[in-house]
Amino acid sequence: MGVTEHCVAEEERRVRANAREYNEKFQYASNCIKTSKYNIVTFLPVNLFEQFQEVANTYFLFLLILQLIPQISSLSWFTTIVPLVLVLTITAVKDATDDYFRHKSDNQVNNRQSQVLISGVLRQEPWMNVRVGDIIKLENNQFVAQADLLLLSSSEPHGLCYIETAELDGETNMKVRQAIPVTAELGDTSQLACFDGEVICEPPNNKLDKFGGTLYWKENKYPLSNQNMLLRGCVLRNTEWCFGLVIFAGPDTKLMQNSGRTKFKRTSIDRLMNTLVLWIFGFLVCMGVILAIGNAIWEHEVGVCFQIYLPWDEGVHSAFFSGFLSFWSYIIILNTVVPISLYVSVEVIRLGHSYFINWDKKMYCAKRRTPAEARTTTLNEELGQVEYIFSDKTGTLTQNIMVFSKCSVNGHSYGDVQDMLGHKAELGERPEPVDFSFNPLADPRFQFWDPSLLEAVKLGDLHVHEFFRLLSLCHTVMSEEKSEGELLYKAQSPDEGALVTAARNFGFVFRSRTPKTITVHELGQAITYQLLAILDFNNIRKRMSVIVRSPEGRIRLYCKGADTILLERLHHINQDLTSTTTDHLNEYAGEGLRTLVLAYKDLEESYYKDWSERLHRAGSASEAREDHLARLYDEVEHDMMLLGATAIEDKLQQGVPETIAILTLANIKIWVLTGDKQETAVNIGYSCKMLTDDMAEVFVVTGHTVLEVREELRKAREKMMDASRSVCNGFYQEKLSSKLTSVLEAIAGEYALVINGHSLAHALEADMEVEFLETACACKAVICCRVTPLQKAQVVELVKKYKKAVTLAIGDGANDVSMIKTAHIGVGISGQEGIQAVLASDYSFSQFKFLQRLLLVHGRWSYLRMCKFLCYFFYKNFAFTMVHFWFGFFCGFSAQTVYDQYFITLYNIVYTSLPVLAMGVFDQGIYTSILMFFIPYGVFADATRDDGAQLADYQSFAVTVATSLVIVVSVQIGLDTGFWTAINHFFIWGSLAAYFTILFTMHSDSLFRMFPNQFRFVGNAQNTLAQPTVWLTIALTTVVCIMPVVAFRFLKLDLKPELSDTVRYTQLVRKKQKTQHRCMRHAGRVGSRRSGYAFSHQEGFGELIMSGKNMRLSSLALSSFAPRPNTSWIETLRKKKGCEGSSAGSPSGAADKTLKV
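Using my numbering, you'd call the opening residue of the sequence shown number 345 and step up by one each time.
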């Protein structure tokens, strides 16, 4: 799926509606996806070409050619071609299987159905057939998966359309898009079929928040902006249907332009293997040179005396040339030191580890019926080396579910779960939720656990009534009533939906609104308030207000907003109540809840009339309109009366705090990269315990210029260094700037860094990126807010570039694809609405908490197993091959082999392949090969058979050494196997049995009769292994090879055990005792940080509501934002670690906060 050269050079895009022939001449990219590499015709040549790009495969092909030369080959050609063909075949089958699934995935995606308007009729067309210029119909809750569309018309008044862009920018609040008026009237297919407008716009780019173009139709032109566009990746919400014109398709869409290129990912083990193979090949050449020199010297000094009996081969006329040929002969004989089956064995092990991940029941989500999936087999061991995790927020750490959790009304806090005696209940003692059956309009999904709040409502507490009246009036929620009593709220953000739903369940039900009225059912009585004004929310005001007139004629302003803004606007008589409410706010914020303050103010009729006239004039002003409105809003929102505060829980994914705590204890740093707003992201940081009130300081970088950002980063570093000086009692030595990173990372104290997207853009510039990285890496937690998908990838690339650490990126949305592709390991959260992140990922599962098991269980074991495998693999090959080297000194360097050629062929394929795949051990191969050769050599020098005949002969010696070798490597791996299974037993002892079976078969009479030229040594194995001396030799060799290893490991375990050894011992003791005690301690935390619901969404829909543009007569069944049952979490390891740190003692107060990780 590539972009054509024409499109690369594109300066502007021309798109004509319903004109495929016209648009096709520009050769715009199509929607057809092709990720497969082969077809039936190209598979064999292309795959073989790719496989021979591997140095090892090319090397063994070269050896095969050498073996076909009689003058230098002392081994048959099949000793190399059999393993080579086996490796090529297994790899080809694996590649073919992978490509088959790629073909299958491509077909599934390409054949998804879309409703495309063709010749005036809506047809179901495959996704791959959608073209630029087509008109597409979308329906409610449908993903805009095909292309970037120009909105033409919708089911809503004035061509309005609501979308959710969490897949694009991480924001969960709904946004409004609107068709231009001239196309908004095109509501049916016949009108749209006649539409032939032409759009001239910008070429494909990655700017998600900008679009510029012009629509030319009926000799008029109409400007187009981002407000008219539906980008690929967004979701249609609260809109029955809409029609859009395809502007960008396939790789030209803004989402795909942000996705970045797919990079080939190699592990550190791969790089290590390539390096080891090169070193071993160099070692092989050195051994070949030594033996070749020995051959030349032996032929010159000794062999010349035996020319009659041992003549040189034809063409050999000197000792030097004999040594030259001997060099190539030994390269062939000793080639097993460079293992041909290494790469395929590694792939088989990785495949097995991938199946372990796929089969892990502890990573299976029963609720979504989603198992974990290893989408690649090449990165498993890299999971065990991750140092940095880059996580998205929305949908990854959070569930995007807001729950009304607690509130404070007139100085009384509600929401704590209480037991039968009225005391605060502990975890696991939660009683039944409050019964709202008295209210026929209550949302059955809403749950609250403190019955005293409902009792206050029923007893007529005026403050509680006014509290919920405010929540039912001060919002921009739209209500739909599909059937009698079945209300569906359309909220701009989940926060607003949660608050209005809470008021609904406690008896203050928002029923409907018009541009000038709001109807609320208060405890069963319908009351209509006149809506006089909406003072809308924005990021500067951080509050919203409504002014309503009650049926009694009283004018009242209701306001809700951030505590830092509202508390300073209260009347001075609220001081005592403010103090109590502030304590409640601190308590709620300490629990990670999103807080909001509520207040009201009565307005005199005369004042309101004067203020309203000034508001009307300000709204009509041609210049500085926003400033005039802001001043008037500020004027009326003063001297308010405090009602109370709300606390909303932004529900985290299950197990997120515990997972982050454990990963932090494993010295893994976690950075959150989100497109959401700063306050919301910080809120979640406290909720999931990335940020804590125990931290020395949280640095916030919000500079808008390069100088401002550099200065803020510099001040942050200075504060951290100053704290380090004070902790060290003034002992501080200035370091060079090149070593600043290590100095900063070693400082005492816990710090966090929060940086905004516009500041990050400057921080990532070439001349400042190192400063930013130094500051960020010195902090325990880093949160980057309002970042674009490309900025996410740039942050990951920055850490990869300078830290040389293994990075992992995890996300669930299309806006995370770029970062997932850039990181060493990409993880997609599956089970959400979007699949873009999963398709781009290396691993996928349904919940963030499974990341702990993926890294600390599967990653650790994969890494350890692979390391043991490599050590054991090279060990057995050195032990096998080096025997030839030592034998060279006793056979006149004639390139004679010790082993039978069939043993050489089957050694790596049959005799030792299965045990080494099951487990690997660490040892020194050269030491083993010396003992393996010289012990049998010393015994055979003077040994005799039972009948008195000389025992020593070439074949008997070969059988003895080969049998010793197979037994030693099998016992070695058996000793180091820590967890025995039936598979381990079968592989290890089965391989031994296979060796003896094949050995006796090859020396049998029947094979000799069938192939007399190939199997000449009839009965040799039976005769040799029938001698007690041979078995004593084999036993002696095994014991001498194994005992030093056993002794070393025993002494190491006894004198200097590793942490893993201690853990195993502890587990063994606990298992024997069969008792386990767990203590759970709960401690409350008082914080000074407060969070704000009002920060959670963009500028509100107030002006849209007052204009009446989004009002309609008919009802539409739309999605509800009702909260779900609350869940809680337990602080475990972090508290424990904190207690250890505080008890250890420190030279200053700052040091008390250092020991968290």
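The beta-carbon is built from N, C-alpha and C at its ideal position, and this holds for glycine as well. Quick caveat, the model's predicted, so the values are computed rather than measured.
Discussion item. Looking at Gly-1203: is its Cβ nearer than 7 Å to the Cβ of Leu-727?
Written reply: Here residue 1203 corresponds to residue number 859 of the sequence shown, with the count starting at 1. Here residue 727 corresponds to residue number 383 of the sequence shown, with the count starting at 1. In contact: Gly-1203 and Leu-727 (Cβ atoms closer than 7 Å).
Fill in: Beta bridge counterpart(s) of Cys-586 as assigned by DSSP
To locate residue 586, count along the sequence shown from 1; it is residue 242. Cys-586 pairs with Leu-482, Ser-498.
Worksheet item: Where are the alpha helix (DSSP H) runs, 4 residues long or more, that stay fully inside the region 517-541, in chain order?
Response: 525-528, 533-537
Worksheet item: Which class does Leu-785 belong to by DSSP, given the choice of helix, strand or coil?
Response: Locating residue 785 in the sequence shown gives position 441, counting from the first residue. The answer is coil: DSSP assigns Leu-785 none of H, G, I, E or B.
Fill in: Alpha-carbon to alpha-carbon, Thr-1382 and Phe-1392
Start at 1 with the first residue of the sequence shown, and residue 1392 comes out as number 1048. Start at 1 with the first residue of the sequence shown, and residue 1382 comes out as number 1038. Taking the straight line from one Cα to the other gives about 16 Å.
Practice prompt. Measure the C-alpha to C-alpha separation of Tyr-354 and Pro-547 and round it to an integer number of angstroms.
Written response: Position 10 of the sequence shown, counting from 1, holds the residue named residue 354. Position 203 of the sequence shown, counting from 1, holds the residue named residue 547. At residue 354 the sequence reads Glu, which differs from the Tyr that was named. So the two alpha carbons sit approximately 6 Å from each other.
Worksheet item: Can you list the alpha helix (DSSP H) stretches of 4 or more residues lying completely in the region 892-947, in chain order?
Response: 907-910, 919-934
Practice prompt. Return the bridge partner residues of Trp-561 from the DSSP annotation.
Written response: The residue you call residue 561 lines up with position 217 of the sequence shown. Answer by DSSP bridge pairing, in chain order: Asn-564.
Worksheet item: In angstroms, rounded to a whole number, what distance separates the CA positions of Asp-787 and Ser-781?
Response: Position 443 of the sequence shown, counted from the first residue, corresponds to residue 787. Position 437 of the sequence shown, counted from the first residue, corresponds to residue 781. Straight-line Cα distance between these residues: approximately 10 Å.
Worksheet item: Val-1042 lies in the beta strand (DSSP E); which residues open and close that run?
Response: The sequence position of residue 1042 within the sequence shown is 698, counting from 1. Per DSSP, Val-1042 belongs to the beta strand (DSSP E) from 1041-1045.
Item to complete: Note down, one range per segment and in chain order, each beta strand (DSSP E) of at least 3 residues found wholly within the region 815-895.
Response: 822-827, 830-834, 852-857, 861-866, 869-879, 887-893
Worksheet entry | Extent of the continuous alpha helix (DSSP H) to which Leu-1539 belongs | In this structure the chain extends from 345 to 1501, so residue 1539 is not present and cannot be described.
Item to complete: Using a Cβ cut-off of 7 Å (strictly closer), state whether Pro-548 contacts chain D.
Response: Structure shown: chain D not included; a single protein chain is present.
Fill in: Where the alpha helix (DSSP H) through Lys-1136 begins and ends
Residue mapping note: residue 1136 aligns to position 792 of the sequence shown, counting from 1. That run of the alpha helix (DSSP H) goes 1133-1147.
Practice prompt. Quick one: grab the DSSP three-state call for Gln-1191.
Written response: The sequence position of residue 1191 within the sequence shown is 847, counting from 1. If DSSP states are grouped into helix, strand and coil, Gln-1191 belongs with coil.
Practice prompt. Identify every residue that forms a DSSP beta bridge with Val-579.
Written response: Position 235 of the sequence shown, counted from the start, is the residue given in the question as residue 579. The partner list for Val-579 (beta bridge, DSSP) reads Phe-487, Glu-508.
Worksheet item: Out of curiosity, what's the CA-to-CA distance linking Thr-527 and Lys-737?
Response: Walking along the sequence shown from the start, residue 527 turns up at place 183. Walking along the sequence shown from the start, residue 737 turns up at place 393. The straight-line gap from Cα to Cα measures roughly 37 Å.
Worksheet item: Which residues in the same chain have their Cβ closer than 7 Å to the Cβ of Ser-1314, if we skip the five residues on either side of it in sequence?
Response: Translated into the one-based positions of the sequence shown, residue 1314 becomes position 970. Result list for Ser-1314: Pro-1259, Ile-1332, Ser-1335, Leu-1336, in chain order.
Fill in: Classification of Gly-970 by the beta-carbon crowding that lies within 10 angstroms, buried from 16 upward
Translated into the one-based positions of the sequence shown, residue 970 becomes position 626. Position check: residue 970 holds Glu in this sequence, whereas Gly was assumed. By the neighbour-count rule (16 or more Cβ atoms within 10 Å), Glu-970 is not buried but exposed.
Worksheet item: Do you know offhand how far Phe-1445's Cα is from Thr-820's?
Response: In the sequence shown, counting from the first residue as 1, residue 1445 sits at position 1101. In the sequence shown, counting from the first residue as 1, residue 820 sits at position 476. Approximately 6 Å, taken between the alpha carbons.
Practice prompt. Please report the residue range of the alpha helix (DSSP H) in which Tyr-674 lies.
Written response: Indexing the sequence shown from 1 puts residue 674 at position 330. Its alpha helix (DSSP H) spans residues 663-677.
Worksheet item: Can you pull the DSSP bridge partners for Pro-470?
Response: If you number the sequence shown from 1, residue 470 lands on position 126. Partner(s): Gln-457.
Fill in: Three-way DSSP call (helix, strand, coil) for Tyr-382 in this model
Taking the sequence shown and counting its residues from 1, the one referred to as residue 382 is at position 38. Reduced to three states, the DSSP call for Tyr-382 is coil.
Discussion item. Does the distance between the C-beta of Phe-790 and the nearest non-hydrogen atom of the ligand GDP fall short of 6 Å?
Written reply: In terms of ligand content, the structure shown is empty, and the ligand GDP therefore cannot be addressed.
Fill in: Per-residue burial, Phe-1394 [other beta carbons within 10 Å of its own, 16 or more giving buried]
Within the sequence shown, residue 1394 is the residue found at index 1050, counting from 1. So Phe-1394 ends up on the exposed side.
Practice prompt. Determine the closest residue to Asp-439 out of Pro-567, Val-692, Gly-531, with distance taken between C-alpha atoms.
Written response: Counting from 1 along the sequence shown, the entry for residue 439 is found at position 95. Ranking Pro-567, Val-692, Gly-531 by Cα distance to Asp-439 puts Val-692 first.
Worksheet item: Shortest alpha-carbon distance to Asn-754 belongs to which of Cys-586, Val-1362, His-807?
Response: On the sequence shown, residue 754 is found 410 positions in, with the first residue counted as 1. With distances taken between Cα atoms, Asn-754 lies closest to His-807.
Worksheet entry | The alpha helix (DSSP H) enclosing Thr-619, as first and last residue numbers | Taking the sequence shown and counting its residues from 1, the one referred to as residue 619 is at position 275. That run of the alpha helix (DSSP H) goes 612-645.
Worksheet item: Tell me the DSSP bridge mates of Met-985?
Response: Position 641 of the sequence shown, counted from the first residue, corresponds to residue 985. Met-985 is bridged to Tyr-944.
Worksheet item: If you draw a straight line from the C-alpha of Ile-862 to the C-alpha of Glu-731, how long is it?
Response: Here residue 862 is taken as the residue at index 518 of the sequence shown, counted from 1. Here residue 731 is taken as the residue at index 387 of the sequence shown, counted from 1. Near 54 Å, if we compare the C-alpha coordinates of Glu-731 and Ile-862.
Discussion item. Helix, strand or coil for Asn-744? Go by DSSP, reduced to three states.
Written reply: Looking up residue 744 in the sequence shown gives position 400. Here Asn-744 sits in strand by DSSP.
Discussion item. Would Gly-577 and Leu-495 be called neighbours here (beta carbons separated by less than 7 Å)?
Written reply: Mapped onto the sequence shown, residue 577 falls at position 233. Mapped onto the sequence shown, residue 495 falls at position 151. It is not a contact, given that the beta carbons lie outside the stated cut-off.
Discussion item. List, from N- to C-terminal side, the alpha helix (DSSP H) runs of 4 residues or more that fit wholly inside the region 1304-1351.
Written reply: 1326-1346
Item to complete: Would you mind working out which of Phe-790, Ala-835, Lys-834, Phe-852 sits nearest Ser-816, comparing C-alpha positions?
Response: The residue given as residue 816 occupies position 472 in the sequence shown. Closest by alpha carbon: Phe-852.
Worksheet item: Near Ala-1184, what residues of its chain come up, given a Cβ to Cβ distance below 6 Å and the 5 sequence neighbours on each side ignored?
Response: Counted from its first residue, the sequence shown places residue 1184 at position 840. Counting only Cβ-Cβ distances below 6 Å, and skipping sequence neighbours, we find Val-1161, Ile-1164, Lys-1165.
Practice prompt. Note down the Cα distance separating Arg-961 from Gln-869, rounded to an integer number of angstroms.
Written response: Here residue 961 is taken as the residue at index 617 of the sequence shown, counted from 1. Here residue 869 is taken as the residue at index 525 of the sequence shown, counted from 1. Distance between the alpha carbons of Arg-961 and Gln-869: 37 Å.
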